[in-house]
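Novice:
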Amino acid sequence: MGNWSLHSLLNLQCYWRSHRFFVTDHSWHGHIGPGPYPTRIENGQWGGFLHVKTSGTATGSSAAVVYRGVNNNGQHCDWMAAWSNPWNRSTSDNTVSKIDSFSFPFHLLS
(Lines of atoms letter the chains of each structure in order from A; the text may use other names.)
(Lines give C-alpha, C1' and ligand atoms only; values in the text may rest on other atoms or scores of the structure.)
Protein backbone atom coordinates (compact mmCIF):
# COMPACT_ATOMS: atom_id res chain seq x y z
CA MET A 447 0.00 0.00 0.00
CA GLY A 448 1.46 3.38 -0.99
CA ASN A 449 1.79 6.57 0.99
CA TRP A 450 -1.03 8.72 -0.27
CA SER A 451 -0.45 11.66 2.07
CA LEU A 452 0.04 13.98 -0.92
CA HIS A 453 -2.46 13.56 -3.70
CA SER A 454 -4.59 15.37 -6.25
CA LEU A 455 -8.31 14.61 -6.30
CA LEU A 456 -9.87 15.73 -9.58
CA ASN A 457 -13.48 15.81 -10.72
CA LEU A 458 -14.20 16.51 -14.38
CA GLN A 459 -17.71 17.47 -15.43
CA CYS A 460 -18.91 17.06 -19.00
CA TYR A 461 -21.55 19.68 -19.73
CA TRP A 462 -21.58 19.61 -23.53
CA ARG A 463 -24.16 17.72 -25.58
CA SER A 464 -22.08 14.59 -26.03
CA HIS A 465 -19.98 12.32 -23.84
CA ARG A 466 -16.19 12.25 -23.52
CA PHE A 467 -13.88 9.26 -23.96
CA PHE A 468 -10.52 8.80 -22.24
CA VAL A 469 -7.64 9.03 -24.76
CA THR A 470 -4.35 9.11 -22.85
CA ASP A 471 -2.54 10.32 -19.77
CA HIS A 472 0.98 11.24 -18.74
CA SER A 473 2.42 11.41 -15.22
CA TRP A 474 5.52 13.50 -14.58
CA HIS A 475 5.41 12.89 -10.83
CA GLY A 476 3.24 10.34 -9.04
CA HIS A 477 0.74 7.89 -10.48
CA ILE A 478 -2.96 7.15 -10.74
CA GLY A 479 -4.44 6.08 -7.41
CA PRO A 480 -6.46 2.96 -6.57
CA GLY A 481 -8.98 3.44 -9.39
CA PRO A 482 -8.42 4.08 -13.10
CA TYR A 483 -9.20 7.25 -15.02
CA PRO A 484 -12.88 7.27 -16.04
CA THR A 485 -13.08 5.74 -19.53
CA ARG A 486 -16.28 7.62 -20.42
CA ILE A 487 -17.94 10.72 -18.95
CA GLU A 488 -21.55 11.18 -20.00
CA ASN A 489 -23.14 14.57 -20.68
CA GLY A 490 -24.04 16.22 -17.37
CA GLN A 491 -22.04 13.68 -15.34
CA TRP A 492 -18.86 13.83 -13.28
CA GLY A 493 -15.79 11.64 -13.64
CA GLY A 494 -13.37 11.63 -10.71
CA PHE A 495 -10.00 10.12 -9.94
CA LEU A 496 -7.16 10.29 -7.45
CA HIS A 497 -3.57 10.92 -8.53
CA VAL A 498 -0.98 10.26 -5.79
CA LYS A 499 2.69 10.91 -5.13
CA THR A 500 5.07 7.98 -5.41
CA SER A 501 5.86 6.53 -1.98
CA GLY A 502 9.37 7.24 -0.72
CA THR A 503 10.09 10.07 -3.15
CA ALA A 504 10.32 13.82 -2.59
CA THR A 505 8.01 14.60 -5.50
CA GLY A 506 4.40 15.61 -5.73
CA SER A 507 1.57 14.84 -8.09
CA SER A 508 1.79 16.31 -11.59
CA ALA A 509 0.16 14.85 -14.66
CA ALA A 510 -2.23 15.42 -17.54
CA VAL A 511 -5.20 13.52 -18.92
CA VAL A 512 -6.84 13.86 -22.36
CA TYR A 513 -10.47 13.20 -23.28
CA ARG A 514 -12.07 13.18 -26.75
CA GLY A 515 -15.56 14.19 -27.79
CA VAL A 516 -17.64 16.43 -30.02
CA ASN A 517 -18.03 20.14 -29.23
CA ASN A 518 -21.21 22.19 -29.68
CA ASN A 519 -20.18 22.98 -33.28
CA GLY A 520 -20.11 19.27 -34.13
CA GLN A 521 -16.31 19.15 -34.37
CA HIS A 522 -14.31 16.26 -32.91
CA CYS A 523 -11.94 17.69 -30.29
CA ASP A 524 -9.55 16.65 -27.55
CA TRP A 525 -9.56 18.34 -24.13
CA MET A 526 -6.67 18.20 -21.72
CA ALA A 527 -6.71 18.70 -17.96
CA ALA A 528 -3.27 19.10 -16.34
CA TRP A 529 -2.19 19.73 -12.76
CA SER A 530 0.89 20.23 -10.64
CA ASN A 531 0.66 19.61 -6.91
CA PRO A 532 4.24 20.06 -5.61
CA TRP A 533 5.65 18.06 -2.72
CA ASN A 534 7.55 21.03 -1.23
CA ARG A 535 5.20 23.99 -0.91
CA SER A 536 7.92 26.25 0.54
CA THR A 537 9.67 26.42 -2.84
CA SER A 538 6.69 25.90 -5.16
CA ASP A 539 3.34 27.62 -5.04
CA ASN A 540 0.21 25.93 -6.36
CA THR A 541 -2.39 28.30 -7.79
CA VAL A 542 -5.78 27.20 -9.07
CA SER A 543 -7.36 29.28 -11.83
CA LYS A 544 -10.97 29.36 -12.84
CA ILE A 545 -11.17 27.04 -15.83
CA ASP A 546 -14.13 28.91 -17.34
CA SER A 547 -11.81 31.81 -18.09
CA PHE A 548 -10.24 29.61 -20.79
CA SER A 549 -13.59 28.45 -22.25
CA PHE A 550 -12.75 24.90 -21.18
CA PRO A 551 -15.54 22.30 -21.44
CA PHE A 552 -14.65 20.67 -18.11
CA HIS A 553 -14.74 22.07 -14.60
CA LEU A 554 -11.54 21.06 -12.83
CA LEU A 555 -11.64 20.88 -9.05
CA SER A 556 -8.60 20.06 -6.97
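Mapping the sequence shown onto the numbering used here, position 89 (from 1) lands on 535, and the numbers just tick up by one. Just so you know, even glycine gets a beta-carbon here, dropped at the ideal spot from N, CA and C.
1) For Phe465, collect the residues of the same chain with a Cβ closer than 7 angstroms to its Cβ; drop the 5 residues on either side in sequence, then sort them by chain order.
2) For Ala510, which residues from the same chain have a beta carbon less than 6 angstroms from its beta carbon, with the 5 sequence-adjacent residues on both sides left out?
3) Please return the same chain residues whose Cβ sits closer than 6 angstroms to the Cβ of Trp474, not counting the five positions on each side in sequence.
4) When DSSP labels each residue in this structure, what does Arg514 get in the three-state scheme?
5) Under 8 angstroms between the Cβ atoms of Tyr483 and Phe467?
6) Starting from Ala504 and walking both ways along the beta strand (DSSP E), at which residues does that stretch end?
7) If we ignore side chains and look at the alpha-carbon of each, how far apart do Gln521 and Lys499 end up?
8) Looking at the secondary structure, which residues open and close the beta strand (DSSP E) in which Thr427 lies?
9) What is the rounded straight-line gap between the Cα of Asn531 and the Cα of Ser454?
10) Just mark Gly502 as buried or exposed, buried being the case when its beta carbon has 16 or more other beta carbons within 10 Å.
11) Across which residues does DSSP place Gly493 in a beta bridge pair?
Specialist: The answer reads as follows:
1) Numbered from its first residue, the sequence shown carries residue 465 at position 19. Checking the displayed sequence, the identity of residue 465 turns out to be His instead of Phe. Excluding sequence neighbours, His465 sits near Arg486, Ile487, Glu488, Asn489 and Gly515.
2) Here residue 510 refers to the residue found at position 64 of the sequence shown. So the qualifying residues of the chain are His472, Met526 and Ala528.
3) Reading the sequence shown from its first residue, position 28 is the one you call residue 474. Here the set comprises Ser508.
4) Here residue 514 refers to the residue found at position 68 when the sequence shown is read from its first residue. If DSSP states are grouped into helix, strand and coil, Arg514 belongs with the strands.
5) By 1-based counting over the sequence shown, the position of residue 483 is 37. By 1-based counting over the sequence shown, the position of residue 467 is 21. No, the Cβ-Cβ distance between Tyr483 and Phe467 is not below 8 angstroms.
6) For the purposes of this step, residue 504 is taken as the residue at position 58 of the sequence shown. That residue, Ala504, is in no beta strand (DSSP E); it is neither H nor E in DSSP.
7) Start at 1 with the first residue of the sequence shown, and residue 521 comes out as number 75. Start at 1 with the first residue of the sequence shown, and residue 499 comes out as number 53. Each residue's alpha carbon lies about 36 angstroms from the other.
8) Beyond the ends of the chain as shown, which are 447 and 556, falls residue 427; an answer cannot be given.
9) Taking the sequence shown and counting its residues from 1, one reaches residue 531 at position 85. Taking the sequence shown and counting its residues from 1, one reaches residue 454 at position 8. In this model, Asn531 and Ser454 are separated by some 7 angstroms (Cα to Cα).
10) Reading the sequence shown from its first residue, position 56 is the one you call residue 502. With a 10 Å radius around the Cβ and a threshold of 16 neighbouring Cβ atoms, Gly502 comes out exposed.
11) As a working mapping, residue 493 is identified with position 47 in the sequence shown. Bridge partners of Gly493: Leu458.
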